[in-house]
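Remarks on the structure that follows.
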Amino acid sequence: MDNTNKYLYLKYDGENVYEIVHKIMTKYKTPLFAITKIREIFPYISLMEAKEIVIIATSEHKSLYDYQGSLLPDLEELNKLINEAENKNKD
253 MDNTNKYLYL KYDGENVYEI VHKIMTKYKT PLFAITKIRE IFPYISLMEA
303 KEIVIIATSE HKSLYDYQGS LLPDLEELNK LINEAENKNK D
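According to my numbering, the residues represented by the sequence shown are 253 to 343, in order.
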């Protein structure tokens, strides 16, 4: 699902929401701050929408749903790496 166009109507000082996120990320480097700042600029959007905007702007994912779906394989891989490291330490 591609929700990129869903938020293009959000503009502030002539910039769309994704341009705003990029400016925030350049200055502060943290997605949590970007989410907070987006909600300050656009107080009528939900926390979930702000998270989705930041995810779309800062990753290859096109929706919050896609991003969350990508977490499970990453967590499984992390678990595998931890188990391998623990097994090496036991030897």
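C-beta atoms are modelled at their ideal positions from N, C-alpha and C, and glycine is treated no differently.
For residue i, which residues of its own chain have a beta-carbon under 8 Å away from its beta-carbon, when the five flanking residues on both sides are left out?
i      : result
Ser322 : His313
Ser311 : Tyr319
For residue i, is the classification buried or exposed, using 16 other Cβ atoms within 10 angstroms of its Cβ as the cut-off for buried?
i      : result
Lys342 : exposed
Ala337 : exposed
Glu301 : buried
Lys289 : buried
In chain order, what residues of the same chain lie with their CB nearer than 7 Å to the CB of residue i, ignoring the 5 residues before and after it?
i      : result
Lys303 : Ile287 and Leu316
Tyr259 : Val269 and Ile305
Ile307 : His313, Leu316 and Tyr319
Which of the three DSSP states is assigned to residue i in this structure?
i      : result
Asn255 : coil
Glu193 : Any question about residue 193 goes unanswered here, given that the chain covers just 253 to 343.
Pro283 : helix
Ser322 : helix
His313 : coil
Ile297 : coil
Leu260 : coil
Hey, residue i and residue j are a contact pair by Cβ (cut 8 Å); roughly how many whole angstroms apart?
i      : j      : result
Tyr264 : Ile272 : 6 Å
Phe294 : Leu262 : 6 Å
Measuring only the C-alpha atoms, how far is residue i from residue j?
i      : j      : result
Asn335 : Glu329 : 10 Å
Ile297 : Leu324 : 27 Å
Lys281 : Asp326 : 22 Å
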